[in-house]
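Enquirer: So the sequence shown is numbered by the numbering used here: it starts at 39 and just counts up by one.
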Amino acid sequence: MRSRSTLMTIAAFVIALILSMVIAGGSATVIEKRTKSEVRLAMETNDHGWMQVQTDGLQVILNGTAPTEAERFRAVSLADKYVDSSRVVDNTDVENTAALSPPPFSMQMLRNENGISLIGLVPVSVDRKAIVENLKKVAGDEGVTDLLETADYPVPAGWDEAMRFGLSTLETLPRSKVSVQAGKVSVEAITDSPTEQGRVETSLARRRPADLKLDYDISAPRPVITPFTLRFLIDADGPHFDACSADTDKARDQILAAARAAGAKGTLSCTVGMGVPSTDWAKAASMAISSLGQLGAGSVTFSDADIVLDAKSTVDQKTFDDVVGELESNLPTVFSLKATLEPNATAKAAEAQFTAIRDGKGNVTLKGRVLDARQREAVENYARAQFGHDQVHGATRVDAALPAGWPVRTLAGLEALTMLHDGTLVVTAKEISVKGTTGDAQASDKIARLLTGQIGGDVQMDLQVKYDKRLDEKLALPDGKECVSRLNGSLAKAKINFDPGSAQVSEDSVKSLDALAAAMKNCTEFRMEVDGYTDNQGRAEMNLQLSQERAQAVLSGLLDRGVLTGNLVAKGYGEDQPIATNDTEAGREQNRRIEFVLLDETPVDNGLDESSQGTDTAEPQWNGSITDDATAAPGDDGAPAAQEAQPDAASSEAIPVETPETDTPRPRSRPADLDKKG
């Protein structure tokens, strides 16, 4: 009985052991598969597809070849997040990478009065100590500063030859920079003279090894020029230099360009040197040469900052004053000008004068003579205060022999010029002349009171001031562009239509023509073209004739309403210049139109005051003027052309008229959008 119990106990233990082993084995398999799946998924998600994941029990085995060491490290570190690092077996490898290329070796050797400096990166095999010891013999007490770095890479081909040539070159050039690279040497140096410069360049070229590339820039110091001189003449031999100096190559080129512009031919030269009195030397020289070119005969001489300009007697006084004034007023500050005009025994001495010109666009030019530099400054500052700083250009010259009261006359004259839109002021010893156009009807009286009040009652004045109502700000009259815009705008709001097949304005467009006549107020002084257009239905020549007649009908309608038409001309363009497609009725309706085009922005006096016109006059008012293309018919009776263009009732059957397709009855459309023809 006891033995049976023992056997049962043993069997139970065996069964339990077997069950435990089965359960443990199954659990390990599940854990192994899950771990493998998690690690592989993590590798794929993070772009480590090269990684192969295997499991052996609780161990995770990593295999594969990573593209880089960094990639391999990131992949292994990622596996550590899912499995303890002690369970990770890393069997990965890294692809073979190309050997790192050596760095670009170079050495710069600088030599001057402070010694020699070595800078750069050289192979570790270079005997730096020997190089420094040899250069100390050259540098003497100033010594050698070694700032070289080294790298443990093979010496590149051509390095040793280039270094030997560079060291030997440095020994012969006290002020130099020698740059050494494998197979190449660059030399920059300054020599004591042009002769020494040539010798060094020849020596370098001869000593250069055949396989070595050599670049060199050897310069000699610029000569010191004292005084800094330039002399340019225009005489019987033509424009030419007697002497020319410049401080830089750029300045030399600028001066020679000015000489060629003045007429100089052939080979021109200019010495580049040191000692220039101002950095504006080229600007001053170019201005003086250009001025002499305008005079046409004489000479200009520079001695440092002093300029002497001598003009020949063939130059007239006014030209001399204008050119010299321009030069004198605009020379750089450092320079001073003395200008003389050779006397002409047969010529009458020109009267001294001061001139100011206002061009109507806000620009003012000051010319003529002033008493001294202080008055020139005062006149220019006053003009800039009155007309605007950037609108005033000074071109005056100093003349100490001007009569008494000259500054007062010029300033008073400039104040008078402010009352003109455009004009000219001329001040002489005898009188003050003010001529121009203004928008102030009282300007002439105001100018007269101003001049007599500031200069005195005995001043002689020549006032020719014209009042232009279009410049009067109180009236605010439109200009030509505004008139055309207003007229075309009126047509856009209320289009003028015509009866089909004729130039007769339709009854529903009478008010449109009335509105157009009202829009012509204050616009009859501008030369304008009344343009007629049709669509492309029908024959082109018929459309051209019809468009001419309709344009003329509009012009005649304006005349019937008391509008002065002497500056208007009718012109038909037929089906040309469409503003919309002719494939639809709406587009054709837009193309059948009347437009106004400005011919001249300058108003033309029509000889009548528009205030005397009546807008309700029953009969046409003919002003008797006929323009070239005409607002009138070709006949001699002066009647409008549209009246002759229409056949009378008796002859309508005898003269066949071809009616274009466009003249069939059609509904009226909305007003066209009228733009200027282009």
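Glycine residues also receive a C-beta, built at the ideal position from the N, C-alpha and C atoms.
1. What residue does the beta strand (DSSP E) around VAL417 start on, and which one ends it?
2. For the putative contact between ASP460 and GLY474, defined by C-beta atoms under 8 Å, what is the C-beta separation to the nearest angstrom?
3. Identify whether ALA281 lies in helix, strand or coil by the three-state DSSP scheme.
4. So LEU453 packs on MET499, CB below 8 Å; how close in whole Å?
5. Residue ranges of each beta strand (DSSP E) run of no fewer than 3 residues wholly in the region 146-206, ordered along the chain?
6. Where does the unbroken alpha helix (DSSP H) through GLY336 begin, and where does it stop?
7. What are the partner residues of LYS215, as DSSP defines its beta bridges?
8. From the DSSP output, in three-state form, read off THR475 for me.
9. Terminal residues of the continuous alpha helix (DSSP H) containing ALA625?
10. Taking 6 Å as the cut-off, is the CB of MET312 close to at least one heavy atom of the ligand COA?
11. Who does LEU636 pair with in a DSSP beta bridge?
12. Hey, how far is the Cα of ASP675 from the Cα of GLN575?
13. For ALA394, name the three-state secondary structure that DSSP assigns.
14. Give the secondary structure of GLY432 by DSSP, where H, G and I count as helix, E and B as strand, and everything else as coil.
15. Around the Cβ of THR434, are there at least 16 other Cβ atoms within 10 angstroms (buried) or fewer (exposed)?
16. Flag this pair as yes or no: are the beta carbons of ALA349 and LEU369 separated by less than 7 Å?
17. Taking a contact to mean a Cβ-Cβ separation below 7 Å, would you say MET580 touches LEU606 in this structure?
18. So, are the CB atoms of GLY181 and GLY221 less than 7 Å apart?
19. From the DSSP output, in three-state form, read off MET499 for me.
20. Suppose you measure from the CA of SER547 to the CA of VAL592; what does that come to, to the nearest Å?
21. What three-state label does DSSP hand ASP674 in the structure shown?
22. Expressed to the nearest angstrom, what Euclidean distance is found between the alpha-carbon atoms of ALA343 and ALA467?
23. How about THR267 and ALA281: are their beta carbons less than 7 Å apart?
24. Going by DSSP in three states, VAL238 sits in which element: helix, strand or coil?
25. Alpha carbon to alpha carbon, how far is ALA80 from LYS71? Give it in angstroms, no decimals.
26. Need the endpoints of the beta strand (DSSP E) that ASN101 sits in, please.
27. Can you tell me whether DSSP reads GLU691 as helix, strand or coil?
28. Which residue's Cα is closest to the Cα of GLN146: GLY311, SER214 and PRO516?
29. Can you name the start and end residues of the beta strand (DSSP E) that PHE270 belongs to?
30. Which first and last residues belong to the beta strand (DSSP E) in which ALA608 is found?
31. With DSSP collapsed to three states, give me the class of ARG407.
32. Just verifying my parser: in three-state terms, what is the DSSP assignment at GLN480?
33. Once DSSP output is grouped into helix, strand and coil, what is the label at VAL446?
34. Alpha carbon to alpha carbon, what distance is there between PHE51 and TYR120?
Expert: To lay it out plainly:
1. As a position in the sequence shown, residue 417 is number 379, starting the count at 1. Element bounds for VAL417: not the beta strand (DSSP E) but the alpha helix (DSSP H), 411-425.
2. Within the sequence shown, numbered from 1, the residue matching residue 460 stands at position 422. Within the sequence shown, numbered from 1, the residue matching residue 474 stands at position 436. Indeed, because the Cβ distance is near 5 Å, the residues count as touching under 8 Å.
3. In the sequence shown, the residue the question calls residue 281 occupies position 243. Three-state DSSP puts ALA281 in a strand.
4. Here residue 453 refers to the residue found at position 415 when the sequence shown is read from its first residue. Here residue 499 refers to the residue found at position 461 when the sequence shown is read from its first residue. One detail in the question is off: residue 453 reads as Glu in this sequence, not Leu. Not really, about 14 Å apart at Cβ, beyond 8 Å.
5. Secondary structure in the region 146-206: the beta strand (DSSP E) runs of 3 residues or longer, each lying completely within the stretch, are 153-161 and 182-189 in chain order.
6. Within the sequence shown, residue 336 is the residue found at index 298, counting from 1. Element bounds for GLY336: not the alpha helix (DSSP H) but the beta strand (DSSP E), 336-341.
7. Here residue 215 is taken as the residue at index 177 of the sequence shown, counted from 1. According to DSSP, LYS215 bridges with LEU148 and GLU226.
8. Here residue 475 is taken as the residue at index 437 of the sequence shown, counted from 1. Of the three classes helix, strand and coil, the one that applies to THR475 here is strand, per DSSP.
9. Within the sequence shown, numbered from 1, the residue matching residue 625 stands at position 587. First, the amino acid is wrong: residue 625 is Gly here, not Ala. Element bounds for GLY625: 623-629.
10. You won't find the ligand COA in this model; it holds no ligand whatsoever.
11. Looking up residue 636 in the sequence shown gives position 598. The partner list for LEU636 (beta bridge, DSSP) reads MET566.
12. Within the sequence shown, residue 675 is the residue found at index 637, counting from 1. Within the sequence shown, residue 575 is the residue found at index 537, counting from 1. The predicted model places ASP675 with a pLDDT of 36, which falls under 50 and marks its position as unreliable, so this point remains unresolved.
13. As a first step, residue 394 is located in the sequence shown; it is residue number 356 there, counting from the start. It is a strand residue.
14. Translated into positions along the sequence shown, residue 432 becomes position 394. Strand at GLY432.
15. If you number the sequence shown from 1, residue 434 lands on position 396. When all chains shown are included, THR434 counts as buried.
16. Here residue 349 refers to the residue found at position 311 when the sequence shown is read from its first residue. Here residue 369 refers to the residue found at position 331 when the sequence shown is read from its first residue. For ALA349 and LEU369, no; Cβs fall outside 7 Å.
17. In the sequence shown, the residue the question calls residue 580 occupies position 542. In the sequence shown, the residue the question calls residue 606 occupies position 568. Not a contact, by the Cβ cut-off of 7 Å.
18. To locate residue 181, count along the sequence shown from 1; it is residue 143. To locate residue 221, count along the sequence shown from 1; it is residue 183. Taking 7 Å as the Cβ cut-off, GLY181 and GLY221 do not qualify as a contacting pair.
19. Here residue 499 refers to the residue found at position 461 of the sequence shown. The answer is strand: DSSP assigns MET499 an E or B state.
20. In the sequence shown, counting from the first residue as 1, residue 547 sits at position 509. In the sequence shown, counting from the first residue as 1, residue 592 sits at position 554. Approximately 11 Å, taken between the alpha carbons.
21. Numbered from 1 along the sequence shown, position 636 holds the residue referred to as residue 674. Per-residue confidence for ASP674 stands at a pLDDT of 35, beneath the threshold of 50, marking its modelled position as unreliable; the derived number appears in the next sentence. In this structure, DSSP gives ASP674 a state outside helix and strand, which the three-state scheme calls coil.
22. Reading the sequence shown from its first residue, position 305 is the one you call residue 343. Reading the sequence shown from its first residue, position 429 is the one you call residue 467. Approximately 33 Å between the Cα atoms of the pair.
23. Counting from one through the sequence shown, the residue named residue 267 turns up at place 229. Counting from one through the sequence shown, the residue named residue 281 turns up at place 243. If you check the CB distance, THR267 and ALA281 come in under 7 Å.
24. Within the sequence shown, the letter at position 200 stands for residue 238. Three-state DSSP puts VAL238 in a helix.
25. Taking the sequence shown and counting its residues from 1, the one referred to as residue 71 is at position 33. Taking the sequence shown and counting its residues from 1, the one referred to as residue 80 is at position 42. Looking at the two C-alpha atoms, the distance is approximately 14 Å.
26. In the sequence shown, residue 101 corresponds to position 63, counting from 1. From DSSP, the beta strand (DSSP E) with ASN101 extends over 97-101.
27. Taking the sequence shown and counting its residues from 1, one reaches residue 691 at position 653. Interpretation of GLU691 is limited by its pLDDT of 32, a score under 50 that renders its predicted location unreliable; the figure taken from the coordinates is listed afterwards. If DSSP states are grouped into helix, strand and coil, GLU691 belongs with coil.
28. Mapped onto the sequence shown, residue 146 falls at position 108. Selected option, being the one with the closest Cα: SER214.
29. Along the sequence shown, one-based indexing puts residue 270 at 232. Where PHE270 is concerned, the enclosing beta strand (DSSP E) stretches over 267-273.
30. As a position in the sequence shown, residue 608 is number 570, starting the count at 1. Element bounds for ALA608: 606-610.
31. For the purposes of this step, residue 407 is taken as the residue at position 369 of the sequence shown. Three-state result, ARG407: strand.
32. Position 442 of the sequence shown, counting from 1, holds the residue named residue 480. The answer is coil: DSSP assigns GLN480 none of H, G, I, E or B.
33. Walking along the sequence shown from the start, residue 446 turns up at place 408. In this structure, DSSP gives VAL446 a helical state, which the three-state scheme calls helix.
34. Position 82 of the sequence shown holds residue 120. Position 13 of the sequence shown holds residue 51. In a straight line, the C-alpha of TYR120 is about 37 Å away from that of PHE51.
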